[in-house]
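S.K.: The listed protein sequences correspond, in order, to chains E, C and P.
The opening residue of the first sequence carries number 141 in the working numbering; numbering runs sequentially from there.
The opening residue of the second sequence carries number 1324 in the working numbering; numbering runs sequentially from there.
The opening residue of the third sequence carries number 29 in the working numbering; numbering runs sequentially from there.
Idealized CB from N, CA, C, for every residue including glycine.
My structure is below; once you've seen it, I'll send some questions.
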Amino acid sequence: MRTRLPLALASAMVVLMAAAFFSPRLAGAYGSGVNRGLQIFGAFAAVPAVVGLIRLHSARIARKHSSALYSAVMLAALFATVGLGIADAKFGGPRFMWVYRNIYGPLQQSVFAFLAFFIASAAYRAFRARTMEATVLLVAAVVVLLGNAVVSLPGPGGASAEGWLLSVPAMAMQRGIGFGVALGIMAQSVRILMGLERSFVGRG
Amino acid sequence: MQKLLNIDRRIIFLGVALVLFLGLVLRPVIPLPPSSEARKVFDAVESVAAGEAVLVAMDYGVSSRAELDPMSRAALHHAFRRDARVLVVSFDSSGAPLASAMLDAVGAQLGKVEGKDYVFLGYKPDITAAIMEMGTSIAGMFTEVEVDGETVPTDSVAAMDGVTGLADIALAVEMTGSKHYEKWVDFANAQFGLKLCTGATGAIVTGQYPYLASGQITGLLRSTRGAADYETMVTKAYGGLEPDASSKMSVLFLGHLLMLAFIALANIGHWATRRDTQEAA
Amino acid sequence: MKRHALAAWLLLLPLTTMAQDAPTWFRPDGGWILVGVLAVGALVAAGILQGRAGRAIETRPIAGLVAAEDAIGRAVEMGRPVVFVTGTQSITKPGTVAGLSVLRLVAEKCAETGARLIVPCIDTIVTRIAIETVEEAYRQAGRHDQFVPDDVFFVSNRQLAYTAAVNGVIEREHPATVFLQGEFSAESLIFGETGSRAGAMMIAGTDKETQLPFFVTTCDHTLIGEELYGAGAAISEDAQLLGSLRGVDLGRVAVLALVAVGIVLELARVEWLRTVLGG
């Protein structure tokens, strides 16, 4: 039962959600209800997840683990933010939003900014003309880099070279991989429908 | 020559940091012709007549602000200059307050009246269900809105006059750093025929080209370059738009040159080392 | 199994009658999409049934999966852990489900060889599933005492906070191998570079074509697109699962045939197919 019930429910949901995709009437009937239910499940699942997180980091602090300082910062930030949210007594209150705009926001943008440095490092290591395929990749990368911010090279049919690369061969690649992914998702869905896909069941 | 193949990452990172700083200080102006995809966005908004409704969806959060805020601001500015009624939504919880603030700021700058010329419809978590509902009744999905600090029924707002569902919207412009555009294409465009332009961050924009080629998306703004192109066209036509993405292009220019330099060094080192190996053999 | 599926379906069927005031029963552009879905679904189901009937099905080796076994052995030899990232999306995404099927197989291998497996998770439901999956793998290998519950943990449901945390795990734990299997966004390059800098063998797999270039340039092996969905089936050697891959191949042949016909017709300026498909 522990395995069969989730598999049976998953089978049923494959059929119902596929039907909702094709039928606006059915989507209106239960589509948003299902999505809302998922959010509620996620909220309930958050409780043991957050409790586990607090327990993990508390244990690290107690054991004086090498990363105990980071654990202490994490727990302090967690409790402080929750405390401020409770003190505001409403969603999006001033204290909570101050933390969001002045601490969380800049931190998030800083991590995103890593990409600028990492992409330079990755380009330096990857774009070397070792083989014919690597040379084609190198030429394409140089054309797009130049066209994006330096100088637009002329391309076929009067378009820019980087525009042509993005809208013809790159797009063809996107479509080809997209077809393959769609077929893979179809196969996974049929496996779920037939009760063969058990990865989401966990212990089963 | 072997050293060219093994430049320490820290030197690369330091080089990037220096060059980006120089770009912010020197601000070289790079004249680049607007891309055809950005021109299509400009033409689409230009074709909106006075009084028609334009829907701007700002489906992004804090992390994507640097790339997407300039194009959102330019789209709002352009739509207001066309005397369109502007409706703004957001399907990103962290981005909704930012979207509302930007709408108020641009509206105030151009002397537009909240409730009459524009309204912020709000945020909903389930984008699929929301678009399906908006297809037939926007006011049914966003039942209440805030106008001048007061909560009022959406269908009582002048900006919503004659607008029931998505079919009454002349054009939608959606900015996103995630895959939200797929929902707009799959549902809003495919089922309700909504004319759609999109803007996206550099990391995901290439995934939109198939939709552009098939006509499901009318125009596309490709990250900071697309935003700069669009800003330039709007400024040239109407003026009054603070150059945000355009000023960032100077940083991009030097950053790209640096990347090309590193790639060149790596390949010089590779070919020189390979030649030496062949000669030794 | 079939009885349970049918019972569950019938129990949920009454929900279909609780329709609100929506306009149509069937979306106007859904006809050919439905035909395609049913056709491919039928091919996949036929492949599964062929596998069930005992037909031998061979698959080509996927480099990333072949390397996975060596990569875990490498971790044991070096005395360093294996880190597994199931993507940065929720359980509702098919890429996450596919990533979990690879996690199951990696967990089984780690349990057999005694390699430590660390699984930081971004979604609360995925965390629960991952804990049970890894624990079950250790139990089945007879090494339940070696399972460390704290090694499979929830981090944050915010994309970049999770990214920073995983980077921290990689930098501090110095894994020998990092698996990145699932659906990723812009953080894919950050993971790839951080793991590469830490000297780990990187085995990635994603269905997001926009992130594939980042993985290909920073990782040692990359499962591209549908290879991620077929990975679980390919490694399991289960006849029915392998049969589903055969069905996918047949579906691919059908799509290619349609594309070829379309190209010929377009070159001949015959718009019949485009009109029929509603283009």
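Under the rule that 16 or more other beta-carbon atoms within 10 Å means buried, what is Met334 (chain E), buried or exposed?
M.R.: Position 194 of the first sequence, counted from the start, is the residue given in the question as residue 334 (chain E). Under this definition Met334 (chain E) is a buried residue.
S.K.: Flag this pair as yes or no: are the beta carbons of Phe1414 (chain C) and Ile1461 (chain C) separated by less than 8 Å?
M.R.: For the purposes of this step, residue 1414 (chain C) is taken as residue 91 along the second sequence, with counting starting at 1. For the purposes of this step, residue 1461 (chain C) is taken as residue 138 along the second sequence, with counting starting at 1. In this structure, Ile1461 (chain C) does not lie closer than 8 Å to Phe1414 (chain C) by Cβ.
S.K.: What three-state label does DSSP hand Ala50 (chain P) in the structure shown?
M.R.: Against the third sequence, residue 50 (chain P) aligns to sequence position 22. Reliability fails at Ala50 (chain P), whose pLDDT of 49 lies under 50, so the model's placement of it is uncertain and the value that follows must be treated cautiously. Three-state result, Ala50 (chain P): coil.
S.K.: My assumption, with CB atoms under 8 Å, is that Gly321 (chain P) sits in contact with Phe182 (chain P). Please give the rounded CB distance.
M.R.: There is no way to answer for residue 321 (chain P), as the model of chain P reaches only from 29 to 307.
S.K.: Output yes or no for whether 8 Å exceeds the beta carbon distance between Tyr75 (chain P) and Leu256 (chain P).
M.R.: As a position in the third sequence, residue 75 (chain P) is number 47, starting the count at 1. As a position in the third sequence, residue 256 (chain P) is number 228, starting the count at 1. According to the sequence as given, residue 75 (chain P) is Gly; it is not Tyr. Cβ distance not < 8 Å, so Gly75 (chain P) and Leu256 (chain P) don't count as in contact.
S.K.: Mind reading off the beta-carbon distance from Gly279 (chain P) to Val65 (chain P)? Whole number of angstroms is fine, and I expect it under 8 Å.
M.R.: Residue 279 (chain P) sits at position 251 when you count from the first residue of the third sequence. Residue 65 (chain P) sits at position 37 when you count from the first residue of the third sequence. Rounded, the Cβ-Cβ distance is 10 Å, inconsistent with contact.
S.K.: Cβ atoms of Ile194 (chain E) and Gly253 (chain P): under 8 Å apart, would you say?
M.R.: Numbered from 1 along the third sequence, position 225 holds the residue referred to as residue 253 (chain P). Numbered from 1 along the first sequence, position 54 holds the residue referred to as residue 194 (chain E). Result no, Cβ atoms of Gly253 (chain P) and Ile194 (chain E) do not sit closer than 8 Å.
S.K.: So, for Gln48 (chain P): in the same chain, excluding its five sequence neighbours on each side, which residues have a beta-carbon less than 8 Å away from its beta-carbon?
M.R.: Translated into positions along the third sequence, residue 48 (chain P) becomes position 20. With a pLDDT of only 46 at Gln48 (chain P), under 50, the local geometry of the prediction cannot be trusted, and no value is derived from it.
S.K.: Tell me which residues share the same chain as Glu1375 (chain C) and place their Cβ nearer than 6 Å to its Cβ, disregarding the 5 neighbours each side in the sequence.
M.R.: As a first step, residue 1375 (chain C) is located in the second sequence; it is residue number 52 there, counting from the start. Taken in chain order, the residues that qualify are Ala1407 and Ala1493.
S.K.: With a threshold of 8 Å between beta carbons, is Ser213 (chain P) in contact with chain C?
M.R.: What you label residue 213 (chain P) is simply residue 185 of the third sequence in a count that begins at 1. Yes, its Cβ sits closer than 8 Å to a Cβ of chain C.
S.K.: Please tell me whether Asp57 (chain P) has its Cβ less than 8 Å away from any Cβ of chain C.
M.R.: Along the third sequence, one-based indexing puts residue 57 (chain P) at 29. So, interface residue.
S.K.: Which residues mark the beginning and the end of the beta strand (DSSP E) in which Ser1413 (chain C) is found?
M.R.: Position 90 of the second sequence, counted from the first residue, corresponds to residue 1413 (chain C). Note, Ser1413 (chain C): beta strand (DSSP E), Arg1408 to Ser1413.
S.K.: Roughly how many angstroms lie between the CA atoms of Val111 (chain P) and Val197 (chain P), to the nearest whole one?
M.R.: On the third sequence, residue 111 (chain P) is found 83 positions in, with the first residue counted as 1. On the third sequence, residue 197 (chain P) is found 169 positions in, with the first residue counted as 1. Spanning the two alpha carbons is a distance of roughly 8 Å.
S.K.: Report the neighbours of Glu97 (chain P) on chain C: residues whose CB is nearer than 9 Å to its CB, in chain order.
M.R.: Here residue 97 (chain P) corresponds to residue number 69 of the third sequence, with the count starting at 1. Those do not exist, as Glu97 (chain P) stays about 30 Å from chain C at its closest Cβ, beyond 9 Å.
S.K.: So which residues on chain P does Val251 (chain E) lean against when the C-beta distance must stay under 7 Å?
M.R.: Looking up residue 251 (chain E) in the first sequence gives position 111. Residues of chain P passing the Cβ test: Leu188, Thr191 and Ala192.
S.K.: Please look up how many angstroms separate the CB atoms of Tyr1446 (chain C) and Ala1482 (chain C), rounded, as I've assumed it's under 8 Å.
M.R.: Here residue 1446 (chain C) is taken as the residue at index 123 of the second sequence, counted from 1. Here residue 1482 (chain C) is taken as the residue at index 159 of the second sequence, counted from 1. At roughly 18 Å, the Cβ-Cβ gap does not stay under 8 Å, so Tyr1446 (chain C) and Ala1482 (chain C) are not in contact.
S.K.: Under 8 Å between the Cβ atoms of Ala281 (chain E) and Phe258 (chain E)?
M.R.: Your numbering for residue 281 (chain E) matches position 141 in the first sequence. Your numbering for residue 258 (chain E) matches position 118 in the first sequence. No.
S.K.: Is Asp1392 (chain C) buried or exposed, if buried means 16 or more other CB atoms sit within 10 Å of its CB?
M.R.: Indexing the second sequence from 1 puts residue 1392 (chain C) at position 69. Buried is the call here.
S.K.: Below 8 Å on the Cβ atoms is my contact criterion, and I expect Leu336 (chain E) with Leu269 (chain P) to pass it. Report the Cβ-Cβ distance as a whole number of Å.
M.R.: Here residue 336 (chain E) corresponds to residue number 196 of the first sequence, with the count starting at 1. Here residue 269 (chain P) corresponds to residue number 241 of the third sequence, with the count starting at 1. Correct: roughly 6 Å between the Cβ atoms.
S.K.: Applying the 10 Å Cβ sphere with the 16-neighbour rule, what's the burial state of Pro294 (chain E)?
M.R.: For the purposes of this step, residue 294 (chain E) is identified with residue 154 of the first sequence, where counting begins at 1. Exposed: under 16 other Cβ atoms inside 10 Å.
S.K.: Check each candidate in E:Tyr264, E:Ser211 and E:Val174 and name the one with the smallest Cα separation from Phe1336 (chain C).
M.R.: Residue mapping note: residue 1336 (chain C) aligns to position 13 of the second sequence, counting from 1. Checking every option, the nearest Cα to that of Phe1336 (chain C) belongs to E:Tyr264.
S.K.: For Pro148 (chain P), list the residues DSSP reports as bridge partners.
M.R.: Within the third sequence, numbered from 1, the residue matching residue 148 (chain P) stands at position 120. According to DSSP, Pro148 (chain P) bridges with P:Phe181.
S.K.: Is the region 303 to 323 of chain E in contact with the region 96 to 103 of chain P, if contact means three or more CB pairs nearer than 8 Å?
M.R.: The answer is no - the region 96 to 103 of chain P does not touch the region 303 to 323 of chain E, with fewer than three Cβ pairs under 8 Å.
S.K.: State the Cα-Cα distance for the pair Leu1355 (chain C) and Ala289 (chain E), rounded to the nearest angstrom.
M.R.: Taking the second sequence and counting its residues from 1, one reaches residue 1355 (chain C) at position 32. Taking the first sequence and counting its residues from 1, one reaches residue 289 (chain E) at position 149. Answer to the nearest angstrom: the Cα atoms are 8 Å apart.
S.K.: Name, going along the chain, the residues of the region 231 to 261 of chain P whose beta-carbon falls closer than 7 Å to a beta-carbon of chain C.
M.R.: Per Cβ criterion, the list reads Glu237 and Thr238.
S.K.: Please name the residues in the region 112 to 134 of chain P whose beta-carbon is closer than 9 Å to at least one beta-carbon of chain E, in chain order.
M.R.: Listed in sequence order: Ser118, Ile119, Thr120, Pro122, Gly123, Thr124, Val125, Ala126, Gly127, Leu128, Ser129, Val130, Leu131 and Arg132.
S.K.: Between the Cα of Val304 (chain P) and the Cα atoms of P:Trp60, P:Leu145 and P:Phe54, which residue gives the shortest distance?
M.R.: Your numbering for residue 304 (chain P) matches position 276 in the third sequence. Selected option, being the one with the closest Cα: P:Trp60.
S.K.: I need the DSSP call for Leu251 (chain P), collapsed to helix, strand or coil.
M.R.: Along the third sequence, read from residue 1 onward, the residue named residue 251 (chain P) stands at position 223. Leu251 (chain P): strand per DSSP, three-state reduction.
S.K.: Got a sec: is the Cβ-Cβ distance from Ser1386 (chain C) to anything in chain P below 8 Å?
M.R.: Walking along the second sequence from the start, residue 1386 (chain C) turns up at place 63. Yes, its Cβ sits closer than 8 Å to a Cβ of chain P.
S.K.: Given this structure, state the Cα-to-Cα distance separating Ala296 (chain P) from Pro1357 (chain C), to the nearest angstrom.
M.R.: Here residue 296 (chain P) refers to the residue found at position 268 when the third sequence is read from its first residue. Here residue 1357 (chain C) refers to the residue found at position 34 when the second sequence is read from its first residue. Whole-angstrom Cα-Cα distance: 35 Å.
S.K.: Which residue marks the beginning of the beta strand (DSSP E) containing Thr1558 (chain C), and which one marks its end?
M.R.: Taking the first residue of the second sequence as 1, we reach residue 1558 (chain C) at position 235. It is not in any beta strand (DSSP E) - Thr1558 (chain C) instead sits in the alpha helix (DSSP H) that spans Ser1546 to Tyr1561.
S.K.: Within 8 Å (strictly less), CB to CB, does Leu285 (chain E) reach chain C?
M.R.: Translated into the one-based positions of the first sequence, residue 285 (chain E) becomes position 145. Yes, Leu285 (chain E) lies at the interface with chain C (some Cβ there is under 8 Å from its Cβ).
S.K.: Interface residues of chain E around Asp173 (chain P) at Cβ under 8 Å?
M.R.: As a first step, residue 173 (chain P) must be located in the third sequence, where it is residue number 145. Ordered by position in chain E, no residue passes the 8 Å Cβ test against Asp173 (chain P), which lies about 17 Å from the chain.
S.K.: Hey, does Arg225 (chain P) have any beta-carbon neighbour from chain C nearer than 8 Å?
M.R.: Walking along the third sequence from the start, residue 225 (chain P) turns up at place 197. Yes, because at least one Cβ of chain C sits closer than 8 Å to the Cβ of Arg225 (chain P).
S.K.: If the cut-off is 8 Å on Cβ atoms, which residues from the region 1571 to 1600 of chain C count as contacting chain E, listed in chain order?
M.R.: Listed in sequence order: Met1572, Leu1575, Phe1576, Gly1578, His1579, Leu1580, Leu1581, Met1582, Leu1583, Phe1585, Ile1586, Leu1588, Ala1589, Asn1590, His1593 and Trp1594.
S.K.: Identify which residue in P:Val113, P:Leu71 and P:Lys137 has its Cα closest to the Cα of Ala126 (chain P).
M.R.: Indexing the third sequence from 1 puts residue 126 (chain P) at position 98. The candidate whose alpha carbon is nearest that of Ala126 (chain P) is P:Val113.
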